[in-house]
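Protein chains in written order, with this note's numbering: chain A, 2 to 433; chain B, 793 to 1035. Report on the structure given below.
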């Protein structure tokens, strides 16, 4: 256990340093924990209040028709909303503004004088359409200010159906894992699953980039603050230093990711709350929620990927002298995280051309996302193969990182961006 | 008397630069030995090799008979190293920093606490030890780090420019810490400095280094007498042919 002697002491120091760093505490934990719930809260409040306002608002109908059909329409509207009626008004700019102001409303409906006549003509000639006019005020104050327009759309749609009920309707079914599930609209199911398919890659993307930033910062900070030299002369195995750095980062990044996921979940739920009634589906009963074993595989996949990303961040940050350079140099690895995450958000890997498929499978950071999709449909083999591949990659990167720490290169290695002509002759040996 | 440090023909090459070029010197147990010379003479490289941070290109360095490469882990148990311009962890208090460092030297909580108490006294920082080190001045930080390097009574303390960049008062305080502690606890010290006047007051023996080589070695008083100089600065100038 000499290999890990001093690990606990070092890990404690790492955690204290990381958690007390205001940049990390604010950027990684507090901001995501507050930002997403606040955003979600604002969204659901805006939608809800606009809906309530639209439902409670008076619907002003200016009836210039006076026929039977306009009376029927007003009676129908009155059934679902609070309706006020003004008869026989010529609507010009001033009159409309006056009416909106008098009734303290943002929209009104006009039934034109030929409405009943056209409705009657429609019975014999389907191409004749009767119109009502909708006037809505635009102030640009809120994204949802014209939700009233949708309310009227809905009421008119219902009136149409009431007057001429549809004779053909679609009864939708979905085939899930080879079984036909009746009454489930695949479109709604896809929409629901899609919101989750986005959440996972985004979470993984954020977790990997955040933790790589922390790991790189933590190594570069030791160099910038000139504490690394002291650390390397302490009676502690250098593998313990590497493990302490990685573990400290994983713990802090884990808390950060949890904070992010909690916030993001709340944010996403504020959208699904706005789905039309009757579209809520129980994904668990449809078998579309991973099993415990699936979750375990996903956890392992995520852990080994995280470890390899961190070890890689430690390696590259050892080649620079300060925090800013470390954070920039880690940025060169980001495309390997972003590209598969974004690609797999929109694409099904199984339908891609072979070359692209190989490319995505070759990038280790694709695998937790591939695994997250595979375990939902019960394809555990794909997840397991991915874990084996990423573990092998992780072992190679960890080995390189531990070699780097065991030699003097951790102190002397410098990346030469301009011309690699003169390479430092450093002894190949390492300390025992 | 056994040798605390034995350097034999040590060479260190960076690219095309021979930072250390056949350096040989011995440090006896219990003495304070100074490597002195101008900036770029190879002092820091030599100390980093002794502290198991750098591998020499050729030659041998031993600390109390232990090879600094083959027995690096053993060497690290008996030395402490204070790098030039070293920092402390910004978000730890001075007290926490000392506790963190003490725990590497002992598993006993009491012993660690004793070390920290002693170091706290050496620093003379009092209540300020409870503050985070990022609030310390350069002098305060250096006092903390020197105390850290001495608190576990190492067999060999390697101090690189211990008073570099400090004002007169802080430099005086640090020098006094070193002199007092070495005498009280029989710690061997290998230090480097480009301030030759200062070294005269602290070191029992010195080696003058120029371009990676030892150009003169001995007690400061002997060297001054030998070269008929008033101080080590003059000795150095004469040795390298400047005076």
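Here a beta-carbon is modelled for each residue, glycine too, at the ideal position from N, C-alpha and C.
Which chain A residues sit within Cβ distance under 9 Å of residue i?
| i | result |
| --- | --- |
| residue 1008/B | Going along chain A, no residue has its Cβ under 9 Å from residue 1008/B, so there is no contact; the nearest lies around 29 Å. |
| residue 843/B | 230, 233, 234 |
| residue 825/B | Near residue 825/B there are no residues of chain A at all, since even the closest Cβ is about 18 Å away, more than 9 Å. |
Could you pull out every residue in the same chain whose Cβ sits closer than 6 Å to the Cβ of residue i, ignoring the five residues on either side in sequence?
| i | result |
| --- | --- |
| residue 391/A | 305, 306, 365, 368 |
| residue 276/A | Legend: pLDDT at residue 276/A = 47, less than 50; position of this residue unreliable, no value from coordinates given. |
| residue 92/A | 111 |
| residue 864/B | 844 |
| residue 1018/B | none |
| residue 869/B | none |
| residue 354/A | none |
| residue 119/A | 129, 131 |
| residue 239/A | 406, 407 |
Is it true that the CB of residue j sits closer than 8 Å to the CB of residue i?
| i | j | result |
| --- | --- | --- |
| residue 989/B | residue 855/B | no |
| residue 799/B | residue 817/B | yes |
| residue 1004/B | residue 834/B | yes |
| residue 810/B | residue 802/B | no |
| residue 982/B | residue 825/B | yes |
| residue 242/A | residue 406/A | yes |
| residue 205/A | residue 342/A | yes |
| residue 207/A | residue 253/A | no |
| residue 925/B | residue 882/B | yes |
| residue 319/A | residue 220/A | yes |
| residue 387/A | residue 402/A | no |
| residue 819/B | residue 858/B | no |
| residue 962/B | residue 931/B | yes |
| residue 972/B | residue 993/B | no |
| residue 984/B | residue 827/B | yes |
| residue 872/B | residue 954/B | no |
Taking DSSP's pairing of strands, which residues face residue i in a bridge?
| i | result |
| --- | --- |
| residue 762/B | The shown model of chain B, from 793 to 1035, leaves out residue 762/B, and the question about it has no answer. |
| residue 952/B | 984/B |
| residue 821/B | None; residue 821/B has no bridge partner. |
| residue 858/B | 855/B |
| residue 828/B | 985/B, 1000/B |
| residue 1008/B | 1000/B |
| residue 59/A | 83/A |
| residue 65/A | DSSP, once it has assigned bridges, lists no residue as partnering residue 65/A. |
| residue 136/A | 109/A |
| residue 798/B | 818/B, 854/B |
| residue 885/B | 924/B |
From which residue to which residue does the alpha helix (DSSP H) around residue i run?
| i | result |
| --- | --- |
| residue 376/A | 368-377 |
| residue 294/A | 293-318 |
| residue 230/A | 229-233 |
| residue 913/B | 901-915 |
| residue 83/A | No alpha helix (DSSP H) contains residue 83/A, which is instead part of the beta strand (DSSP E) from 83-88. |
| residue 940/B | 930-943 |
| residue 332/A | 324-332 |
| residue 352/A | Counting along the chain, residue 352/A falls outside any alpha helix (DSSP H), and DSSP gives it neither H nor E. |
| residue 336/A | 335-347 |
Which bits of chain A does residue i rub up against, with CB to CB less than 7 Å?
| i | result |
| --- | --- |
| residue 883/B | 17, 18, 21, 22 |
| residue 868/B | 234, 235, 236 |
| residue 856/B | Within 7 Å Cβ-Cβ: nothing; residue 856/B doesn't reach chain A, min ~14 Å. |
| residue 892/B | 10, 14 |
Identify the continuous beta strand (DSSP E) that holds residue i and give its terminal residues.
| i | result |
| --- | --- |
| residue 997/B | 997-1002 |
| residue 110/A | 108-112 |
| residue 871/B | 871-874 |
If you drop the 5 nearest sequence neighbours on each side, which residues of the same chain put their C-beta closer than 7 Å to that of residue i?
| i | result |
| --- | --- |
| residue 937/B | 874, 878, 880 |
| residue 248/A | 12 |
| residue 86/A | 62, 64, 75 |
| residue 77/A | 160, 163 |
| residue 135/A | 108, 110, 150, 153 |
| residue 226/A | none |
Would you mind telling me which residues of chain B sit closer than 7 Å to residue i, beta carbon to beta carbon, in chain order?
| i | result |
| --- | --- |
| residue 227/A | 875, 877, 878, 879 |
| residue 249/A | Going along chain B, no residue has its Cβ under 7 Å from residue 249/A, so there is no contact; the nearest lies around 12 Å. |
| residue 54/A | Under the 7 Å cutoff, chain B gives no residues; its nearest Cβ is about 50 Å from residue 54/A. |
Going along chain B, which residues have a C-beta under 9 Å from residue i?
| i | result |
| --- | --- |
| residue 412/A | 840, 845, 846 |
Using a Cβ-Cβ cutoff of less than 8 Å, which residues in the same chain neighbour residue i once the five nearest sequence positions on both sides are dropped?
| i | result |
| --- | --- |
| residue 57/A | 83 |
| residue 278/A | Residue placement at residue 278/A cannot be trusted, given a pLDDT of 44 that sits under 50; what the coordinates show is reported in the next sentence. The answer is none, since no qualifying residue turns up. |
| residue 157/A | 133 |
| residue 884/B | 892, 924, 925 |
| residue 933/B | 879, 880, 925 |
| residue 299/A | 291, 369, 372, 373, 376, 384 |
| residue 122/A | 129 |
Anything in chain B within Cβ reach of residue i, meaning under 8 Å, just list it in chain order.
| i | result |
| --- | --- |
| residue 7/A | 895, 896 |
Residues of chain A with CB closer than 8 Å to the CB of residue i, please, in chain order.
| i | result |
| --- | --- |
| residue 871/B | 234 |
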